[in-house]
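Numbering (our numbering), first residue to last: 1 to 485. What follows is one structure encoded as structure tokens, with my remarks underneath.
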Ligand code: ADP
């Protein structure tokens, strides 16, 4: 479809109980194209009453969906996977329009995001329990798994499709019903996804979508409602903390995918070609706006000059522009606030003595563009070594020996992912043991995979998404004892 037809085909209302409805207040809010600043759509601005109506619908649909045979739930998800793949070009274009990533990357996200539907369609029939004699030999212990209940899924704007499917697919596979609250900056992809899920046969009320410009106000009463049993959130650590506090009252199950501050460590025994390729992918994928984005490039002093020279050469070949334009590799940031934040972090580092190898400033003109940047010799007290940059800025910090590399890499309260480049197997194994992160790329710059347990340590969050672990986040365990027969 062309852009206008596609935008016209995306629903602009709330999806509650299988019906598309306007917000109870009639209010709407605008969705922008960050490459131009233009408003591309107006969608319903859901109210507290709408949020509660969605929870009503999810609660009513829960017993039926929970009792639906796993194979049937699996088949719905599998049909959704096929439908999503058949609409890959449209979904990719929609993401590029509302979020800004280059089309090729958006297509990559459709492939990745769709995979959660297929993966969890395969996991649904494998929800298993146990039946064992107790150690005393006096009884039988039966362990069964049950869906936790209606879930609130709050997603961020940086991966509009994949963050939605990564939560919706395991929830539905487990037999849970959901209220999805997409990021207000990128609601269109989730609305379009809802049409595909409905077409795939998701029953009314099992999936509900609430768009709103005021997430805090709409989410809070849902979190206080005893019918809600689970919160899954991906976003900033600041908001995640607040939601955890709100979830405490209802003792909700929570999954929290929060911020990161990924170290990318390159030893002098690394394959430098590979390390440079990995660095470019780990940094510039999604214009640096990923919680898994490498935030600190920690490079052994003997190769730091060569590494910096090579990445700078690569970055200078990047083409910045609207993601729909052929050949563009760097799209806009999500909004002007993001540009201002990145600019502030770069200025701070440069003010402390970092060298600008390339880039180093916002791009003049319309749209939220920041030039792809490489900074060398970033001083240890620079703010960007502690904060998530969330932009196309590759910051290099030299180190001398392995202990120092570990110390610098671990010098953060986050612990989502780390990247290590070395051809020395023993060193690689030591780094697996020593780096405090929930995930690691060893000679690899991108780790995401629907089959892998994605998640962080420490302030990066709680729980895992994807893999065999992902479905358990939506299941609760029951143990039953019966006497010896
Ligand atoms: P980011 O910094 O990536 O924009 P946020 O944590 O602000 O991340 O947002 C992630 C998601 O959380 C979005 O869907 C946003 O609407 C939602 N959100 C933001 N604040 C709150 C809140 N107080 N309560 C519930 N959801 C919120």
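Note that beta-carbon positions come from the ideal geometry of N, C-alpha and C, so glycine has one too.
At a cut-off of 3 residues, the continuous stretches assigned as beta strand (DSSP E) that sit fully inside the segment 189-244 are 207-209 and 230-234.
Pairwise C-beta distances place the segment 378-398 in contact with the segment 341-350, as three or more of them are shorter than 8 angstroms.
With contacts defined as CB atoms closer than 7 angstroms, residue 390 and residue 246 fail to qualify as a contacting pair. The C-alpha of residue 104 is placed about 39 angstroms away from the C-alpha of residue 403. Taking the Cβ atoms as the reference, residue 190 lies roughly 18 angstroms from residue 150, outside the contact range of under 8 angstroms. Partner residues in the beta bridge of residue 418, as assigned by DSSP, are 440. Here residue 88 has 107, 110, 111 and 114 as same chain residues with Cβ atoms under 8 angstroms from its own Cβ, once five neighbours each way along the sequence are excluded. Under the three-state reduction of DSSP, residue 263 is assigned to strand.
Across the structure, residue 48 and residue 19 are spaced so that their CA atoms are roughly 18 angstroms apart. According to the DSSP assignment, residue 62 belongs to the alpha helix (DSSP H) that extends over 48-67.
Taken through DSSP and simplified to helix, strand or coil, residue 466 comes out as coil. In this structure, the alpha-carbon of residue 450 lies about 11 angstroms from that of residue 170. Boundaries of the beta strand (DSSP E) around residue 144: 139-147. Under the Cβ criterion (8 angstroms, minimum of three pairs), the segment 227-244 counts as touching the segment 255-273. Neighbourhood of the ligand ADP, defined by CB distance below 5 angstroms to any of its heavy atoms: 154, 156, 183, 215, 216, 219, 235, 236 and 239, in chain order. Considering only 75, 273, 398 and 222, the residue with the shortest C-alpha distance to residue 250 is 222. For residue 44, there is no enclosing alpha helix (DSSP H); the residue is found in the beta strand (DSSP E) stretching over 39-44.
Apart from the 5 residues on each side of it in sequence, residue 339 sits with its Cβ closer than 6 angstroms to the Cβ of 333, 362, 368 and 370 in its chain, given in chain order.
DSSP places residue 116 within a helical segment (H, G or I) once states are collapsed to three. With 16 or more other CB atoms across the displayed protein chains lying within 10 angstroms of its CB, residue 460 is buried. Along the length of the segment 268-348, whole beta strand (DSSP E) runs at least 3 residues long occupy 294-300, reported in chain order.
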